[in-house]
Amino acid sequence: MHPCLSVQEILWIIFDSLLNDAPSRENKGTVISLAITCRTFENMALDVLWRTQVNLVPLIKCMPADLWKEDPAYGFDRYMGLNRDLVASDFLRFDFYAQRIINLKYLPYGCHQRAKVPYDLAICHTIQRYLEQHGEAERQKSGLLPNLRRMEFSNSLHALVAPKLFLGEQTTAFSLGFRDECGEVEIKLLFALIRKQAPNVENLEICVGGAESLLECPDLSELVRGLEGLRGLTTRPRSLNASAIRHLASIPYLHFLRSPNSATQILQALALVASHPFKSMRHLEMSGASLSTWPALLMRLRPHQLVSVALDFEALPSGLDIQRFFLALKETSASPGLRALRLNQPWKPQSARVSTQIILDFGILEPLLAFNNLQTLHIALVCAITLDDSHITQMAKSWPKLQNLQLGCHLGWEKPSSITHRGLLAVAASCPELETLTISFDASELRDISPVIIPEAVNTKVKYLSVGDSRIVESAGVARFLSLVFPKVVGIGGAWLYISAGAFTQPQRRQHQMWQDVPELLQKSQRVATPFTGSRISGSVGV
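Take my numbering: the last position of the sequence shown gets the number 1488, and nothing is skipped along the way.
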């Protein structure tokens, strides 16, 4: 039996919903009204308002009005600075609100466009120097924001300025995003600051560096070795050395790993590890790896708690490697707990072509039927696929909780699909939670018949279909069918969105045009169609 929520927990849920469920100005105004109307609600309402900030300008403006200035007062290109020296009384309201900030997802203030170093960070540095000069040792230890737990930066320059101000023993999460304006010397300094000032980080995300960073990064590896309580780690595109991998394997609660290290590198690093490595691993994402070594890695890890796997490949794996990987995934899982599987092969629009040298058939995919809790399956490989209605029906019945399904890349399957509208009906009926669908099918029969649609086959969650190179001979029949089975669909995409028309034959271009006509016809059909129908026009097909 679950414990009941306390009154404070219920109030927090209500206030948080008020903040997040309405346009920003309205929601903040509502929560502010709660804070100033009722003394009982004041602290909780303020906690909700201040919990997550995107910069420090609002906090600085809580200090005395004669301390700071913004010039001009209005417009999108303002300067912000201090008018006078700081005194102890300036911190009364600053401290009152600073202690409520838990998450900082930093973006420069939109009206401060001229500053290379954002004005709010520069002012905070001035505040920090004042504290150092006046012997505020305890405040220096915890940073200006004493309860800050999570920091996210999209620009490494901002991240380099901020750690001295905000990092502390209370910090549990640090994220450095994709825009890199610092050199390796500055990045190395940042790693050293994290290691020194935030030894209790549990979630670390480092996503900076160019192609040269795919080599082992000794400074990042040293940082990782110094973090004993890691629960989640992202190091793309920087890879780790063998010592750091062995350290990660020994951490008891590490459950998420996203790394460019290959399966071969991990296996080599674990050669000297006798105990069960990565025993709590639940989410595993890797890139640039060969699929051929993955069965051996799975046998070594025996990931009993694995929930999601995502692998990116620069080159298309062989059909045999894919089959062996699926079999190993099935054999090494203690239970059908896998919920998400993503295999992705990056490709460039306008130049990509679907390979017919590798063909995925039902025999290769069949081991995945064991994962009855699967919610997401993305097999986004640029290769041919051969499936028919019986195959897709069996797959759909095996995955009743499926929410996202992608079979093949958005260019299609190259070979004519043997899945018809019957297969789509089976997917809609067996997977009521389905939200996204990328699949190639043969819609040619929909010109002559109107299938019987049972209520269970009506899906109102799918908004967009990606049909690849699906065959079509009449737009109206397809629109009529889709308006009954997927009544909320508002858009359809396919191969024509990714490759110029000149690369296709004339018959292919005619089919693409018919698919592009379907959304407009859908709008007309949806105005007159009932949610489901048992009527027949000429012939019938049921589930």
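The beta-carbon is built from N, C-alpha and C at its ideal position, and this holds for glycine as well.
Helix or strand or just coil, what does DSSP make of residue i?
i       : result
TYR1064 : helix
ASP998  : With the sequence shown as reference, residue 998 is identified as Gln, and Asp is not the correct amino acid for it. Reduced to three states, the DSSP call for GLN998 is strand.
MET1459 : helix
GLU1157 : Legend: pLDDT at GLU1157 = 49, less than 50; position of this residue unreliable, value from coordinates given subsequently. Looking at GLU1157 - three-state DSSP - the assignment turns out to be helix.
GLU1378 : coil
ILE1005 : helix
ILE1132 : helix
ASP1266 : helix
TYR1409 : strand
ARG1183 : coil
ILE959  : helix
ALA1260 : coil
Measure from the alpha carbon of residue i to the alpha carbon of each residue in the options, then state which is nearest.
i       : options                            : result
VAL1032 : SER1415, SER1184, ASP1011, ALA1043 : ASP1011
MET1096 : PRO1222, GLU1077, SER1120, LEU1105 : SER1120
ASN1349 : GLY1368, PRO1377, LEU1370, LEU1332 : PRO1377
MET1340 : PRO1053, LEU1165, ILE1364, ARG1416 : ILE1364
ARG1023 : CYS1056, ASP1030, PRO1003          : CYS1056
ALA1448 : LEU1356, PHE1041, CYS1328, LEU1265 : LEU1356
SER954  : ASP992, ILE977, SER978, GLY974     : Sequence inspection shows Glu at residue 954; the Ser mentioned does not correspond to that position. Out of ASP992, ILE977, SER978, GLY974, ASP992 has the C-alpha closest to the C-alpha of GLU954.
ALA1255 : PRO1205, SER1411, ASP1306          : PRO1205
GLN1351 : GLU1276, LEU1310, ALA1374          : LEU1310
GLU987  : GLN998, ASN965, ARG1045            : ARG1045
LEU1178 : LEU1410, LEU1212, LEU1229, VAL1252 : LEU1229
SER1278 : LEU1313, PHE1258, ILE1417          : LEU1313
ALA1329 : LEU1305, LEU964, SER1375           : LEU1305
LEU1326 : SER1263, ILE958, VAL1062           : SER1263
If you follow the alpha helix (DSSP H) that residue i is in, where does it begin and where does it stop?
i       : result
MET989  : 984 to 995
LEU1286 : From DSSP, LEU1286 is part of no alpha helix (DSSP H) but of the beta strand (DSSP E) over 1285 to 1289.
SER1101 : 1101 to 1106
PHE1036 : 1036 to 1043
SER1343 : 1334 to 1343
ARG1164 : According to the sequence displayed, residue 1164 carries Asp and not Arg. It spans 1163 to 1170 - the alpha helix (DSSP H) in which ASP1164 sits, taken as one unbroken run.
In angstroms, rounded to a whole number, what distance separates the CA positions of residue i and residue j?
i       : j       : result
LYS1006 : GLU1173 : 38 Å
TRP995  : THR985  : 17 Å
GLN1453 : SER1232 : 34 Å
ASN1028 : TRP1013 : 5 Å
ARG1392 : VAL1463 : 13 Å
THR1405 : LEU1379 : 9 Å
VAL1169 : HIS1192 : 8 Å
GLY1501 : ALA980  : There is no way to answer for residue 1501, as the model of the chain reaches only from 946 to 1488.
ALA1371 : LEU1319 : 17 Å
VAL1397 : GLY1422 : 13 Å
THR1209 : LEU1242 : 8 Å
GLY1368 : LYS1293 : 30 Å
THR982  : GLY1020 : 32 Å
THR1042 : VAL976  : The identity of residue 1042 in the sequence shown is Tyr, whereas the question assumes Thr. Approximately 15 Å, taken between the alpha carbons.
SER1428 : HIS1366 : 13 Å
ILE1047 : GLY1122 : 19 Å
MET989  : MET1008 : 21 Å
MET1459 : CYS1354 : 21 Å
LEU1261 : LEU1236 : 9 Å
TYR1198 : SER1225 : 6 Å
LYS1342 : ALA1315 : 11 Å
Would residue i count as contacting chain D if we go by Cβ distances under 8 Å?
i       : result
LEU1313 : Going by chain labels, chain D is absent from the structure shown, which holds only one protein chain.
Assuming residue i is part of the beta strand (DSSP E), what are its boundary residues?
i       : result
HIS1228 : 1228 to 1232
SER1489 : Residue 1489 is absent from the model: the chain starts at 946 and stops at 1488.
PHE1223 : No beta strand (DSSP E) holds PHE1223; DSSP gives it neither H nor E.
HIS1323 : 1321 to 1325
ALA1329 : 1328 to 1331
TYR1024 : 1024 to 1027
VAL1254 : 1253 to 1257
LEU1049 : 1048 to 1051
ILE1437 : 1436 to 1438
SER1300 : 1300 to 1306
PHE1426 : It is not in any beta strand (DSSP E) - PHE1426 instead sits in the alpha helix (DSSP H) that spans 1420 to 1430.
TRP1013 : 1013 to 1016
Are there three or more Cβ pairs, one per stretch, closer than 8 Å when the segment 1105 to 1123 is compared with the segment 1136 to 1146?
Touching, yes.
Three or more C-beta pairs closer than 8 Å, one from the segment 1298 to 1305 and one from the segment 1278 to 1289: is that the case here?
No, they do not touch.
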